[in-house]
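Sequential numbering from 77 applies to the sequence shown in the numbering used here.
Heads up, the thing below is written out as structure tokens.
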Amino acid sequence: MKLGLFLSLVLISIILLGGCAVEQSASPTLSPSPTVTPGNTPSPAEEQDQVIYGKIYPGEEKSHEVLVGNVTRVSFELKWIEHKLCLSLTTPSGKPIDFSVPGVYRNICCGYDDGTCGGTQASCTIDNPEQGKWIVHVSPVDVPPGGKDYLVLVSSQTEINFPLDVYPQIYTPGQPIRIMSGPALTLGPGGSREVITWASVVADIVTPANVTERLVLYDDGLHGDSQADDGTYTNVFTDTSSPGIYGISVTASGTENGVKFQKRDATLVWVSPPPDLSIDASDIVFSNDNPYDGESISITATVHNIGEGDATFARIRFYYDERWRGEISVPIVRVPAGGTAEVKAWWVAQAGDHNIYVNAENLCSVEERNLSNNESHRPIHVSVETKQ
Ligand SMILES: [Ca+2]
Ligand SMILES: [Ca+2]
């Protein structure tokens, strides 16, 4: 992605999404952090890109030290899957940077992506960054009790680009993951873009058991690579039998114009068996089976997940008679594998005979295999008379 386009997207993110709740200290001194974890800082080249993996629980704040050298631009990226995290920074001289105040730091552009399933990324690019130890703070905005895995990628902007492309982010156990890096581009004569076909590219995959497996990526038209010598390096990771979060970090190195370079990019993927949401007519209970016209009653639905994977964002749609016209309420709940979630909606009863429907839809994670059991309904008779 072109830098201009990237910055525009980030700016749009800020405008659309507003600020992220980040603690900001008025004091120029660095407030004490609960944990400061040194990054896996490469040496001696300070400008080398860094990848840090972490996990955060509700109420925690995590901090990581990263060394930033003499570079013209550095980018800090926080990545996770589902729910929401927040990223903030402290400069080497102790100045806090709160992204929720856009425009205060004129050479800084930050934002986060907030999809239906929660965020996936928060990033910040800084021009002419102060050299020294920066502190990257990670805080939870909305994370489940079991914690949230994340990664922090710190990369210096150079003329060489090696974007990592892994899609989708969620897989079923045993499903192969195609890891692509590229197209690798550098600036050629007259500002033209040149494809790099001579780099050495490896992927390090950290499995849920915390074992690192290395895979060489090729630009040879084989190994899952669709075309040889196009600057896109590919290989397929197949050891995905264990459910959980996998960290994928790709390192590309080589020599360009006589100068050695090393670029890194990283992402997380999630391997999970599919959930199977189910709801039966007997799972729908009214607070009053024979209400009067205008009476407010509660509808309680017990939604089951009879699958092996969690449904972290299950959209439960309550409606009467007609799906769109009769919408009552559409809450989103988590239904753990093998568990249930009790969901309640309120309805102002309308005279006549109606059907109350409850539909469960798994928004995120792996797609369900059985959708035939995701909706049920119960009839209800509402008296014409109003309650005395
Ligand atoms: Ca290729
Ligand atoms: Ca189902």
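Note that beta-carbon positions come from the ideal geometry of N, C-alpha and C, so glycine has one too.
Collapsing the DSSP output to three states places proline 265 in a helix. At least one heavy atom of ligand 2 falls within 7 Å of the beta-carbon of serine 354. C-alpha of serine 448 to C-alpha of aspartate 359: approximately 16 Å in a straight line. By DSSP's assignment, valine 282 forms a beta bridge with Thr288, Gly323. Shortest gap from the CB of asparagine 449 to any heavy atom of ligand 2: under 7 Å. Burial check for alanine 357: the Cβ neighbour count within 10 Å stays below 16, so the residue is exposed. Glutamate 444 has its Cβ nearer than 7 Å to a heavy atom of ligand 2. With 16 or more other Cβ atoms inside 10 Å of its own Cβ, glutamate 153 counts as buried.
In this structure, the straight-line span from the alpha carbon of threonine 343 to that of lysine 155 is close to 7 Å. For lysine 155, the uninterrupted beta strand (DSSP E) run begins and ends at 149-156, by DSSP.
Less than 8 Å divides the Cβ of glutamate 418 from the Cβ of threonine 376. In the structure shown, the three-state DSSP call for aspartate 365 is coil. A distance below 8 Å between beta-carbons, with the five flanking residues on each side excluded, links aspartate 386 to the following residues of its chain, in chain order: Ser348, Pro351, Arg410, Val411, Pro412, Ala413, Ser441. For aspartate 295, the distance from the CB to the nearest heavy atom of ligand 1 is below 7 Å.
The alpha-carbon separation between arginine 290 and proline 216 amounts to approximately 31 Å. Listed as beta-bridge partners of valine 409 by DSSP are Ala390. According to the DSSP secondary-structure assignment, isoleucine 128 is paired through a beta bridge with Val228.
Taking a contact as a CB-CB distance under 8 Å, the pair glycine 300 and threonine 314 does not count as one, their CB atoms being some 10 Å apart.
Around the CB of leucine 298, fewer than 16 other CB atoms lie within 10 Å, so the residue is classed as exposed. Distances from the alpha-carbon of serine 329 to those of Ile236, Gln207, Val379, Gly250 put Ile236 closest. In the DSSP secondary-structure assignment, histidine 457 is bridged to Asp429. A Cβ-Cβ distance of about 5 Å is found for the pair leucine 353 and asparagine 450, placing them in contact under the 8 Å criterion. Within 10 angstroms of the beta-carbon of histidine 457 lie fewer than 16 other beta-carbons, which makes it exposed. With a cut-off of 7 Å, the C-beta of glutamine 124 is classified as distant from ligand 1, since no heavy atom of the ligand falls inside that distance. The shortest CA-to-CA distance from proline 284 to any of Phe238, Trp274, Trp346 is the one to Trp346. Of the residues Leu165, Met256, Pro172, the one whose Cα lies closest to the Cα of aspartate 341 is Met256. In this structure, the beta-carbon distance from isoleucine 132 to lysine 224 falls below 8 Å. Per the coordinates, the alpha-carbon of tyrosine 247 lies some 45 Å from the alpha-carbon of glutamine 426. Of the residues Asn333, Val287, Ala304, the one whose Cα lies closest to the Cα of glycine 264 is Asn333. In the DSSP assignment, lysine 171 falls outside any beta strand (DSSP E), carrying neither H nor E.
Judged by the Cβ position, alanine 304 qualifies as a neighbour of ligand 1 at the 7 Å threshold, a heavy atom of the ligand being closer than this.
Ranked by Cα distance from serine 231, the options Leu143, Thr316, Gly370 are led by Leu143. As a beta-bridge residue in DSSP terms, phenylalanine 337 pairs with Gly330.
A straight line joining the alpha-carbon of arginine 445 with that of arginine 393 spans about 19 Å. Between ligand 1 and threonine 316, a heavy atom-to-CB distance of less than 7 Å is absent.
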